[in-house]
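Numbering (the numbering used here), first residue to last: 30 to 127.
Glycine included, C-beta positions come from ideal geometry on N, C-alpha and C.
For clarity, every value in this text was computed on a predicted model and none was experimentally measured.
Shown next, in structure tokens, is the structure this report addresses.
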Amino acid sequence: MKGKMISFISLVAAIAAFLQDIAFAAGEKAAAIVIVADTRRLSGLMAWWGNLYNESHFLFMLLTVAIIPVIGVVFGVVADLVMSYIGIDLKSRELAEH
């Protein structure tokens, strides 16, 4: 019984997924949506970054994926330096639990 119920639910889901395609097939094809960044008021690095996004989403993605870990490491090193400067020692830790 449980297997039949799962099959029935799967069939209903498949029909619901294809119904919208059937309904849209009768009308005109919709225009493709173009997503761009507005770079008219940007300058310097921000303008370059926005233009990169507009020209190549793939290169934008590769550069973003490469930059995020580098920024994380830089922020971590700076935070470590600041904490050691104010007296928080993270290199050796004494446990407070007994």
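Just to confirm the assignment, what range does the alpha helix (DSSP H) spanning residue i have?
i      : result
Met112 : His86 to Tyr114
Three-state secondary structure (DSSP) at residue i?
i     : result
Val41 : helix
Ala61 : coil
Met30 : coil
Leu81 : helix
Leu48 : helix
Leu74 : helix
Ile35 : helix
Which one of the options has the shortest CA to CA distance from residue i?
i      : options                 : result
Gly105 : Leu81, Ala95 and Leu119 : Leu119
Glu66  : Ala60, Gly79 and Lys31  : Residue identity check: residue 66 is Ala in the sequence provided, not Glu. Of the candidates Ala60, Gly79 and Lys31, the one whose C-alpha sits nearest the C-alpha of Ala66 is Gly79.
Just to check, is the beta-carbon of residue i closer than 6 Å to a non-hydrogen atom of the ligand ATP?
i     : result
Leu48 : The ligand ATP is absent from the structure shown, which contains no ligands of any kind.
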